[in-house]
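These notes concern the structure reproduced below.
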Amino acid sequence: MELSELANASGEWLRGSGPESDIVISSRIRLARNLADFPFLSRANESDLAAIEQQIQKAVDSLKADGRLQETTMFIDVGGLPRLDRQFLVERQLISRELAESNGSRAVVIDPAEKFSLMVNEEDHLRLQVMQSGLNLREGWEQMNRLDDMIEEHVTYAFSDRLGYLTACPTNVGTGIRVSVMLHLPALVITRQIEKVFKSLQKINLAVRGLYGEGSQAMGDFYQISNQITLGLTEEELITKVGDIVPVLIDYERQARGFLIRESHETLHDRVSRAFGILRTAQTISSEETMHLLSSVRMGVNLGLIPDLTIPTINKLFIHSQPAHLQKITGELMDKTDRDIERASYLRRHLNGTESNGGPTRN
Amino acid sequence: MLKCQKCDRQATFHITDLIDGKPKELHLCEDCAQKFLAPSADDSSEVMPAMAGLLAQHLAVGETADQLARLDQRRCPICSITYLEFRKQGRLGCPNDYEFFTQELEPLLMNIHDQTHHIGKVPKRCPQGADQQTQLIRLRREMKEAIASENYERASQLRDEIRQIEAESRG
Ligand SMILES: [Zn+2]
Ligand SMILES: [Zn+2]
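Right under this line is the structure:
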């Protein structure tokens, strides 16, 4: 499987099919792990990094040979990738910006269905990540736990009885787990309740982060909730901590949407329709504007204000309209001006007429 | 002119490294040689703001400048990181640091996690002899240093030790 094939596909977690997927985009679980017989990244030199990468590659190869990982599982040397491909993997949320920006022996292992990825030599030797569509942390943890066990058959993790899995940063020590859920909360933003929600989450030690696109502008009402503590609670307890709060947030968002429908139906319907109108007709459009408008349209689809458009299509447009994706899909390097024109054309093609087969165009 | 094996500049450093236990000649320019020999600087060693705050807070509590200076000089015998370096970058150097700096880290962990003991998952294969694993980190570092100072006799002694431990832990 090649990166360019990945560009045209859309990962499992983008399908928009999981529980509560009108509001919950995806559930992710990440584990931080280090090999016991190497220094952490800050003290590792290039030959250590190369040896670590080699060990992981060996482990992955032998798991593939046993048929426990799919034959099409990709092992990608990130250090050797052109900039565009790195950015593509960041947009796809398969690697972090940190990994994309560093050089030398860095790698990522990618499941062909994008159910998991495994970063090598990021902040820790290993960062395992499992992605699920919608709210699905239980299944995510089962998969993650199995993946972790499989890797561990081939390597020895740095672990202490007292402190658990040892990580480069003390904020991750213990379980090394980061449980996060990506939520779409446009109505809480419109009704100005989002700040209040943030504050109450911080009180119970949960972190909230906005999703950022190109540049550093917040991107269309998406928020990621995750645990801050990693030590002194079990993995299951930490998953429950995050998992228990999500239905509460979903409920708030639904109430806010209900309020908007009741109290300002015309204003809401107008906002959604205008957003849809711009996306279907614009001739040049930035990625920020696209995110904001798609966010409104997404809510409109969930509220039945826009017929004939599906959540999976919108989820796909969010990802495919980002700069590196556009360039991978068209197979051309483009500057910002050309990207904005291509993005508008891409959106028109996919939002006018039938959407499944790439769609006929009106221009 | 002998070209650098990593870029195309002139190679001015000729290093013998032991790769898979066999000495291998490397010809590198000055920049590439430095990168190769020095611990790779973590590009994004910028400390998470929360973490920097916690470190500052932790150190403010009841420590005199003298105590702090002495504490900052403590150096892990395995990876050779000092406490000062940890404070600056917010990242530890090796698994042994959790033991070596245990007194300093305890209040920090309490601050971050409200807890100081792990109760979650345990790996099926615990590093039997965690000492051996950290010894490997130390020996590899010493071997690198021996090679850098062209002390090949010492380097090959160290290489044999490393091989022996690797063979034992594999068994
Ligand atoms: Zn060079
Ligand atoms: Zn150390």
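Here the protein sequences come in this chain order: A and B.
So for the first sequence, the numbering used here puts the first residue at 3; every next one is plus one.
So for the second sequence, the numbering used here puts the first residue at 4; every next one is plus one.
Glycine included, C-beta positions come from ideal geometry on N, C-alpha and C.
Here the structure is a predicted model, which means the values were calculated and not measured.
Tell me, which residues are paired with residue i by DSSP?
i: B/Lys6; result: B/Gln13
i: A/Asn366; result: Not covered by the structure: residue 366 of chain A. The range shown for chain A is 3 to 365.
i: A/Tyr167; result: A/Phe161 and A/Gly176
i: A/Arg94; result: None; A/Arg94 has no bridge partner.
i: A/Ile31; result: A/Val132 and A/Val181
i: A/Ser266; result: DSSP output for A/Ser266 lists no bridge partner at all.
i: A/Ile78; result: A/Val110
i: A/Val122; result: A/Ala109 and A/Leu128
i: A/Ser228; result: A/Ser182 and A/Ala209
i: A/Val26; result: A/Leu185
i: B/Thr85; result: B/Arg78
i: A/Leu37; result: A/Tyr159
Where do the ends of the beta strand (DSSP E) carrying residue i lie?
i: A/Arg129; result: Leu128 to Ser135
i: A/Ile112; result: Ala109 to Ile112
How far does the alpha helix (DSSP H) with residue i in it extend, from its first residue to its last?
i: A/His294; result: Ser289 to Asn304
i: A/Phe200; result: Ile196 to Lys205
i: A/Gln72; result: No alpha helix (DSSP H) contains A/Gln72, which DSSP labels as neither H nor E.
i: B/Gln118; result: Premise fails: B/Gln118 is in no alpha helix (DSSP H) and is neither H nor E.
i: A/Pro325; result: Pro325 to Thr332
i: A/Pro21; result: Premise fails: A/Pro21 is in no alpha helix (DSSP H) and is neither H nor E.
i: A/Ala366; result: Residue numbering for chain A in the displayed model covers 3 to 365; residue 366 of chain A lies beyond these limits and cannot be assessed.
i: A/His352; result: Lys338 to Leu353
i: A/His156; result: Premise fails: A/His156 is in no alpha helix (DSSP H) and is neither H nor E.
i: A/Asn138; result: Careful: A/Asn138 lies outside any alpha helix (DSSP H) and carries neither H nor E.
i: A/Lys318; result: Ile313 to His322
i: B/Asp100; result: Asp100 to Phe103
i: A/Arg99; result: Arg99 to Glu103
For the candidate residues the options, whose alpha-carbon lies nearest to that of residue i?
i: A/Ala109; options: A/Lys117, A/Glu124, A/Glu14 and A/Ala115; result: A/Glu124
i: B/Gln106; options: B/Arg94, B/Cys97 and B/Thr119; result: B/Thr119
i: B/Arg90; options: A/Ala170, A/Leu296, A/Leu128 and A/Thr283; result: A/Ala170
i: A/Asp163; options: B/Glu145, B/Arg143, B/Pro98 and B/Gln70; result: B/Pro98
i: A/Thr286; options: A/Glu344, A/Leu130, A/Arg180 and A/Pro41; result: A/Glu344
i: A/Gln72; options: A/Ser119, A/Ile31 and A/Gln230; result: A/Ser119
i: A/Ser19; options: A/Pro84, A/Phe90 and A/Leu137; result: A/Leu137
i: A/Arg300; options: A/Glu144, A/Ala284, A/Gly222 and A/Ala11; result: A/Gly222
i: B/Asn114; options: A/Thr173, A/His267 and A/Glu265; result: A/Thr173
i: A/Leu33; options: A/Gly260, A/Met146 and A/Leu51; result: A/Met146
i: A/Glu380; options: A/Asp272, A/Ala326 and A/Asp79; result: For chain A, the structure presents residues 3 to 365; residue 380 of chain A sits outside this window and is missing.
i: B/Phe103; options: B/Ile165, B/Ile122, B/Gly93 and B/Arg78; result: B/Arg78
i: B/Ile122; options: A/Leu101, A/Trp143, A/Met133 and A/Phe161; result: A/Phe161
i: A/Ser135; options: A/Pro188, A/Glu144, A/Lys117 and A/Gly234; result: A/Lys117
i: A/Ile263; options: A/Ala189, A/Arg211 and A/Phe320; result: A/Ala189
i: A/Asn47; options: B/Arg12, B/Pro110, B/Arg162 and B/Gly96; result: B/Gly96
i: A/Arg282; options: A/Asp272, A/Asn354 and A/Arg259; result: A/Asn354
i: A/Leu5; options: A/Arg45, A/Val80, A/Leu65 and A/Ala52; result: A/Val80
i: A/Phe320; options: A/Ser288, A/Leu305, A/Leu307 and A/Asp340; result: A/Ser288
i: A/Ser202; options: A/Glu239, A/Asp337, A/Leu251 and A/Leu235; result: A/Leu251
i: B/Pro80; options: B/Cys7, B/Arg141, B/Val125 and B/Gly93; result: B/Arg141
i: A/Lys318; options: A/Met336, A/Ser297 and A/Arg35; result: A/Ser297
i: A/Glu237; options: A/Phe90, A/Leu16, A/Leu187 and A/Trp143; result: A/Trp143
i: A/Gly234; options: A/Glu265, A/Arg256 and A/Leu165; result: A/Leu165
i: A/Ile313; options: A/Arg17, A/Leu8, A/Leu86 and A/Ser12; result: A/Arg17
i: A/Arg256; options: A/Gly178, A/Leu305 and A/Gly176; result: A/Leu305
At a threshold of 6 angstroms, does residue i count as lining ligand 4 (C-beta to nearest heavy atom)?
i: A/Asn36; result: Within the structure as shown, ligand 4 is missing, the only ligands being ligand 1 and ligand 2.
Self-check item: Three or more C-beta pairs below 8 angstroms linking the region 45 to 63 of chain A and the region 344 to 354 of chain A
Solution: no
Quiz item: Touch check for the region 24 to 39 of chain A and the region 82 to 95 of chain B: three-plus C-beta pairs under 8 angstroms?
Solution: No: the two stretches stay apart, fewer than three of their Cβ pairs being nearer than 8 angstroms.
Quiz item: Listed in chain order, which residues of the region 80 to 91 of chain B have Cβ atoms closer than 9 angstroms to some Cβ of chain A?
Solution: Ile81, Cys82, Ser83, Ile84, Glu88 and Phe89
Practice problem: Anything in the region 153 to 165 of chain A with a Cβ closer than 8 angstroms to a Cβ of chain B? List those residues in chain order, please. | Solution: Glu154, Glu155, Thr158, Tyr159, Ala160, Phe161, Ser162, Asp163, Arg164 and Leu165
Quiz item: What residues from the region 216 to 249 of chain A come within 9 angstroms of chain B, judged by C-beta to C-beta, listed N to C?
Solution: For the region 216 to 249 of chain A, which is checked against every Cβ of chain B, the residues closer than 9 angstroms are Gln230, Ile231, Thr232, Leu233, Gly234, Leu235, Thr236, Glu237, Glu238, Glu239 and Leu240.
Practice problem: Report yes or no: do the region 238 to 253 of chain A and the region 171 to 185 of chain A share at least 3 C-beta pairs separated by less than 8 angstroms? | Solution: Pairwise C-beta distances place the region 238 to 253 of chain A in contact with the region 171 to 185 of chain A, as three or more of them are shorter than 8 angstroms.
Quiz item: Is the region 99 to 114 of chain A touching the region 68 to 86 of chain A, taking contact as three or more C-beta pairs under 8 angstroms?
Solution: yes
Exercise. Can you give me, in chain order, the residues of the region 27 to 50 of chain A that have a beta carbon less than 8 angstroms from any beta carbon in chain B?
Key: Asn36, Ala38, Asp39, Phe40, Pro41, Phe42, Leu43, Ser44, Arg45, Ala46, Asn47, Glu48, Ser49 and Asp50
Practice problem: Please confirm if the region 188 to 197 of chain A is in contact with the region 145 to 162 of chain A, defined as three or more CB-CB distances below 8 angstroms between the two stretches. | Solution: no
Quiz item: Which residues, in order along the region 104 to 123 of chain B, keep a beta-carbon less than 8 angstroms from a beta-carbon of chain A?
Solution: Leu108, Leu111, Leu112, Ile115, His116, Asp117, Gln118, Thr119, His120, His121, Ile122 and Gly123
Quiz item: Looking at C-beta atoms only, is the number of pairs between the region 132 to 152 of chain B and the region 30 to 49 of chain A that lie closer than 8 angstroms three or more?
Solution: Three or more Cβ pairs closer than 8 angstroms define a contact, and the region 132 to 152 of chain B meets that threshold against the region 30 to 49 of chain A.
Quiz item: What are the residues of the region 49 to 76 of chain A that lie near chain B, defined by any Cβ-Cβ distance shorter than 8 angstroms?
Solution: Of all residues in the region 49 to 76 of chain A, only Ser49, Asp50 and Leu51 come within less than 8 angstroms of chain B when Cβ atoms are compared, listed by chain position.
Quiz item: Any residues in the region 170 to 193 of chain A with a beta carbon nearer than 8 angstroms to a beta carbon of chain B? Which ones, in chain order?
Solution: Answer in chain order: Ala170, Cys171, Pro172, Thr173, Val175, Gly176, Thr177 and Ile179.
Quiz item: When Cβ atoms are compared, which residues of the region 97 to 113 of chain A fall closer than 7 angstroms to chain B?
Solution: Glu100, Glu103, Ser104 and Gly106
Quiz item: Between the region 226 to 238 of chain A and the region 330 to 343 of chain A, do at least 3 Cβ pairs fall closer than 8 angstroms?
Solution: no
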